[in-house]
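Q: Just passing along the structure, written as structure tokens.
Protein chains: 2
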Amino acid sequence: MEFRFFLSVILLTASLSAFSQQKKSEPATDKGLIKVSVMYPFSEGKTFNVDYYETKHMPMVAGILGSNLVKYTIEKGVASGIPNQPLPFMAVGTFYIKSLSEYQSAITPKRDEIRADFANYTNVIPVILVSEVVR
Amino acid sequence: MEFRFFLSVILLTASLSAFSQQKKSEPATDKGLIKVSVMYPFSEGKTFNVDYYETKHMPMVAGILGSNLVKYTIEKGVASGIPNQPLPFMAVGTFYIKSLSEYQSAITPKRDEIRADFANYTNVIPVILVSEVVR
């Protein structure tokens, strides 16, 4: 019976430890990270293939970025938030990175390869914003 | 001794249950959420006070959105990601919400109050993108 009790205490400790590690590995904020937001403007006649972007293009770029990339997100434009205004962007892909200089070193030699893939999913040139996560 | 054993099992179950709830409340992805991105364009002579925005404006809007708001983020524009292009946006504030219709119902009666606060931190009119998180 003593043995069962101690076994339970050990299991309890292990599970509480897993619980606290879970909290550490998924911080509530991305504060301090650099975001590279690739924004595809909407206008009449412009197209964007979200499936290709999600399954081919973004994984390709993510592979180029390597361990500097913390995560990436994809969003699909739905509407302008201002009544009677056109949709500003059809889609946005965002890379959350640790270092901007490492990003530039990784991307520069691959820029032509990345741009050559644009034609496979869109006929628009993106706007790119580099920003710092404040909160 | 039996009592201690059962107490340990109960504690273990409770802690495992907390662990699984933790995973649920902090998902690795925001997939399916709606994003409202309020983007402040950069141009010569335009200003933006990030401190006021972070400490006053965003908490005020967050209060209006209530429980429909999952989280909000603030980012500060650093550069254009395209060489020799101007910075596209000085700052972006983003609300991650569950329901767009609830968002509109909450914001509409408060729109004038929110806009009146703009002059306290910027002299530019934002562009607003409503999008759906695909990944």
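Protein chains in written order, with our numbering: chain A, 1 to 135; chain B, 136 to 270. For every residue, glycine included, the Cβ atom is placed at its ideal position computed from N, Cα and C. Just so it is clear, the structure is predicted and the values come from calculations on it, not from any experiment.
1. May I ask you to list, following chain order, the residues of the segment 50-75 of chain A that have a beta carbon less than 7 Å from some beta carbon of chain B?
2. Please confirm whether residue 223/B has its beta-carbon closer than 9 Å to some beta-carbon of chain A.
3. Does the beta-carbon of residue 160/B have 16 or more other beta-carbons within 10 angstroms, so that it is buried, or is it exposed?
4. Please look up how many angstroms separate the CB atoms of residue 97/A and residue 34/A, rounded, as I've assumed it's under 8 Å.
5. Whose C-beta lies closer than 6 Å to the C-beta of residue 81/A among residues of the same chain, with five residues either side of it excluded?
6. Are the C-beta of residue 98/A and some C-beta of chain B separated by less than 9 Å?
7. Can you tell me which of the three DSSP states residue 180/B falls into?
8. Taking CB distances under 9 Å as the criterion, tell me whether residue 77/A reaches chain B.
9. Could you name the residues of chain A that residue 249/B contacts, counting a contact when the two beta carbons are closer than 8 Å?
10. Is residue 131/A close to chain B? Criterion is C-beta to C-beta, closer than 9 Å.
11. So that I know if they touch, is there some Cβ in chain B lying closer than 9 Å to that of residue 37/A?
12. What residue range does the alpha helix (DSSP H) around residue 236/B cover?
A: Reading it off the structure:
1. 50, 54, 73, 74 and 75
2. yes
3. With a pLDDT of 48 at residue 160/B, under the threshold of 50, the predicted position of this residue should be treated as unreliable, and no value is reported.
4. 5 Å
5. none
6. no
7. coil
8. The C-beta of residue 77/A comes closer than 9 Å to at least one C-beta of chain B.
9. Ordered by position in chain A, no residue passes the 8 Å Cβ test against residue 249/B, which lies about 12 Å from the chain.
10. yes
11. So, interface residue.
12. Residue 236/B -> alpha helix (DSSP H) spans 235-242.
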